[in-house]
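Worksheet: one structure, shown below.
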Amino acid sequence: MRYRIHLCTRNGRDAYPAPDVRALMERVAGTYVLAGINLEIESLVRFDYEGCQPFYEDRAFPQFSLQQTPRGVIPVVFVSRIPSLVAPFPIGGYASFGGISVNGQLHDLIITHELGHFFGLAHTHDCFYGREQLDRCEETGDLLCDTPPDRGPAGATTTSTAGPLPPTASCACERAGGTSGRPCSS
Ligand SMILES: [Zn+2]
556 MRYRIHLCTR NGRDAYPAPD VRALMERVAG TYVLAGINLE IESLVRFDYE
606 GCQPFYEDRA FPQFSLQQTP RGVIPVVFVS RIPSLVAPFP IGGYASFGGI
656 SVNGQLHDLI ITHELGHFFG LAHTHDCFYG REQLDRCEET GDLLCDTPPD
706 RGPAGATTTS TAGPLPPTAS CACERAGGTS GRPCSS
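The sequence shown maps to residues 556 to 741 in this note's numbering.
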């Protein structure tokens, strides 16, 4: 599959050096090859966005990059930072199934993670289909039986300095910016 890099610029400066972004995507592609998915760059394009800091809740933001990407090509967006109204910390990235991947850091694990959502993977602690039950692992949790039941990121509330996270924060990844919004219930 081909992907198009959408690199944010502010005041004529790229949010990240373009060669670094290309190199990162090649490393990520090296991981996906192990899963039988060939990721090849289609192009790198730039777009202007004030401050390169779109809010996680700004559902209009990813639409622009989606519209600027040919069908069948994965839009992979790089911005400086993704502040959020619901989480007391910037969001590393978000993605939607078959839609788009938006990333607020230049980090191999984050891009690999978000592309996983693009290809349809849920979090291991996903609760849209209810908390995972061992004897019903194909229809609860992340719907995968080769990942053990996961109650979510332990310690996420205790490490926060801004109080407890809202109950949906740990599985809010797919909710913004995508075509496949999947609300979570606890
Ligand atoms: Zn995620």
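Don't be surprised by glycine CBs; every beta carbon is placed ideally from N, CA and C.
*Does the beta-carbon distance from Phe-610 to Leu-640 come in below 8 angstroms?*
yes
*In the DSSP assignment, find the unbroken alpha helix (DSSP H) run with Pro-617 in it and report its ends.*
616–622
*When every heavy atom of ligand 1 is checked, does at least one fall within less than 7 angstroms of the C-beta of His-668?*
Relative to ligand 1, the nearest heavy atom lies less than 7 angstroms away from the CB of His-668.
_Check: His-672 C-beta below 7 angstroms from any heavy atom of ligand 1_ = yes
*Any non-hydrogen atom of ligand 1 within 7 angstroms of His-561 CB*: no
_Among His-668, Val-632, Asp-705 and Val-583, nearest to Phe-602 - alpha-carbon criterion_ = Val-632
*asked:* The beta strand (DSSP E) that contains Tyr-587, what's its start and end?
replied: Premise fails: Tyr-587 lies in the alpha helix (DSSP H), 573–587, not in any beta strand (DSSP E).
_Residues in the same chain with beta-carbon distance under 8 angstroms from Glu-597, minus the five sequence neighbours each way, listed in chain order, please._
Beyond the five residues adjoining it in sequence on each side, Glu-597 comes within less than 8 angstroms, by CB distance, of Arg-557, Tyr-558, Arg-559, Pro-625 and Val-628 in the same chain, given in chain order.
*Have a look at Ser-635, Tyr-649, His-561 and Gly-671 and flag the residue whose alpha-carbon is nearest the alpha-carbon of Phe-619.*
His-561
*Measure the alpha-carbon distance for Glu-581 versus Gly-591 and round it to whole angstroms.*
15 angstroms
*Check whether the Cβ of His-680 lies closer than 7 angstroms to any heavy atom of ligand 1, and answer yes or no.*
no
_Rounded separation between His-678 and Asp-697 - CA only_ = 6 angstroms
*Within 10 angstroms of its Cβ, does Val-600 collect 16 or more other Cβ (buried), or is it exposed?*
exposed
*What alpha helix (DSSP H) runs, 4 residues minimum, are completely inside the stretch 591–618?*
Correct list: empty.
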